[in-house]
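Undergrad:
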Amino acid sequence: MGLMTDPRISVIFSSFNGASRRLQQMLDSMLGQNLPVEQWELIAVNNNSKDETQELLDQYAKKLPIVVVNHTRPGKSGAMNAALAIARGALIVFTDDDVEADAHWLSSIAACAEANPDFGVIGGRILPNWEHYPHGDPLLDWIPMGSTFAISDQESSGPCDPTKIWGPNTTVRRELLGSNVRFREDIGPLPGGLFAMGEDTEIVSRLSRSGVKTYRCAEAIVHHWIPASSVTEAWVQKRGERLGYGMPALFAEDIPKGIRIAGIPLRTWIESANWAVRAAILYPLPRSKKRFWAIWKCYYMRGYRAGLRRYAPAVNHSRRLAQEVVH
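Going letter by letter, the sequence shown gives residues 817 to 1143 in the numbering used here.
1) Along the alpha helix (DSSP H) that carries C976, what are the first and last residues, could you check?
2) Which of the three DSSP states is assigned to T1030 in this structure?
3) Which residues does DSSP pair with A917 in a beta bridge?
4) V1038 and V988: beta carbons closer than 8 Å?
5) Would you kindly report the start and end of the unbroken beta strand (DSSP E) that includes S826?
6) Can you tell which of E1069, A1092, A1095 and Y1115 has its C-alpha closest to the C-alpha of Y1127?
7) Determine the direct distance from the alpha carbon of D918 to that of F999, and round the result to whole angstroms.
8) Look up L1066 in the DSSP assignment and say whether it is helix, strand or coil.
9) How many angstroms separate the CA atom of L872 from the CA atom of R1094?
10) Using CA atoms only, rank isn't needed, just tell me which of I1019, P1005 and L843 is closest to G994.
11) Should the region 902-917 be called in touch with the region 822-838, which here means at least 3 C-beta pairs below 8 Å?
12) Taking the straight line between their C-alpha atoms, what separation do you get for E868 and N1090?
13) If I'm right that I925 touches C1033 with Cβ under 8 Å, what's the distance once you round it to whole angstroms?
14) P1043: which of N833, R837 and N864 sits nearest, CA to CA?
15) Comparing C-alpha positions only, which one of Q875, M842 and F832 sits nearest to N863?
16) Cutting at 7 Å between CB atoms, please list the residues of its own chain near L1066, excluding the five before and the five after it.
17) Under a three-way DSSP split, which group does F1011 fall into?
18) Measure the alpha-carbon distance for D874 versus E916 and round it to whole angstroms.
19) Please state whether the Cβ-Cβ distance between L1125 and G1079 is less than 8 Å.
20) Might you give, ordered along the chain, the residues of its own chain that have their beta carbon closer than 6 Å to the beta carbon of K892, omitting 5 neighbours on each side?
21) Rounded to a whole number of angstroms, what is the C-alpha to C-alpha distance between S1045 and N945?
22) If you check the beta carbons only, do H1040 and P984 fall under 8 Å apart?
23) One question on the structure: do L843 and Y876 come within less than 8 Å of each other, judged by their Cβ atoms?
24) Pull up the distance between the alpha-carbon of I1097 and that of A1110, whole angstroms please.
25) Whole angstroms are fine: how far does the CA of V1047 sit from the CA of D957?
26) Drop a sphere of 10 angstroms on the beta-carbon of E1057, count the other beta-carbons inside from all chains shown, and report buried for 16 or more, exposed for fewer.
27) Does DSSP put F999 in a helix, in a strand, or in coil?
28) How long is the line joining the alpha carbons of L851 and E1087, rounded to whole angstroms?
29) Look at the alpha carbon of F935 and the alpha carbon of T1030, and state the distance between them as a whole number of angstroms.
30) On the DSSP letters alone, give me the boundaries of the alpha helix (DSSP H) that L873 sits inside.
31) Per DSSP, which one or two residues make a beta bridge with L943?
32) Which two residues bound the contiguous beta strand (DSSP E) that contains N864?
33) Between which two residues does the beta strand (DSSP E) containing T987 stretch?
Structure below.
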């Protein structure tokens, strides 16, 4: 398929074993886009998959304006950076391999970016695509849908808070990325154990701190797959731990100051102990919002402490260096 020299939009995503999950549905939804194919490209990074991801991407290369990149080092952030290195669109759209995009997704992004030239980052709506909708389960009223499932369903367009823009539907003007704004490879999904969530939040926050304005485009819609296995209290609470783990990396300025014990601020120990006591008291009782949140916060604080050990020593070191320069 002949590509024009510079498309308006580069859609980039990374897939680790996507063929055994939802990658085919995602690619099918890209086939249905009503923006002419000459105006966009799809950069798919095969991130060390061990299934048929490569074969699946190759099949769609005949039907879609797709560029397939092989990135064997595990880790989504590094894979996304490999795609950024070759993206040519004026607008870079970050997404995931488990979304299904509405037919007017890309045309809405293009129109929105054109109508709002002062805004450098545009977030679209992300609606849940449930494998099994949990009818009658109060869990849905308890959980933070944004940080848990990257759901963002506000129906109005307009300027928005940068923390309300999520990875499966984020557009950034390429000129703002320059050669230096990339995903931090020490955060983001990795196969295996605990990883820091929030690689997408981090890059948007960084742009926002440098003065880039963020906009919500309610017409640009993707549907994010939510497998039944992740709609359980235990899964959501473990997700809280990953969220906590990334916080010291994302929001270094919010780390409590003052005395540290075993590398953890005293205030963090006190908050952790409070939630641990609450969780222990409520744990044997029947399910309730209060019980759910106490356990969630307990996991979150555990992640936060692990994140402080991983990310905060460097923060303090750079702070000390800055103070020495000032004095």
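For glycine and all other residues, C-beta sits at the position ideal for the given N, C-alpha and C.
Bear in mind the structure is a predicted one, so any value in this text is a computation, not a measurement.
TA: According to the structure data:
1) C976 -> no alpha helix (DSSP H), and no H or E assigned at all.
2) strand
3) V1038
4) no
5) I825 to S831
6) E1069
7) 26 Å
8) helix
9) 48 Å
10) I1019
11) yes
12) 47 Å
13) 6 Å
14) R837
15) F832
16) G1014, T1017, E1018 and S1021
17) coil
18) 19 Å
19) In the sequence under discussion, the amino acid at residue 1125 is Arg, which differs from the Leu named in the question. Closer than 8 Å, so yes.
20) S830, G1004 and P1005
21) 13 Å
22) yes
23) yes
24) 9 Å
25) 12 Å
26) buried
27) coil
28) 50 Å
29) 6 Å
30) T869 to Y876
31) H1039
32) Segment: none, N864 is in no beta strand (DSSP E) and carries neither H nor E.
33) T986 to R989
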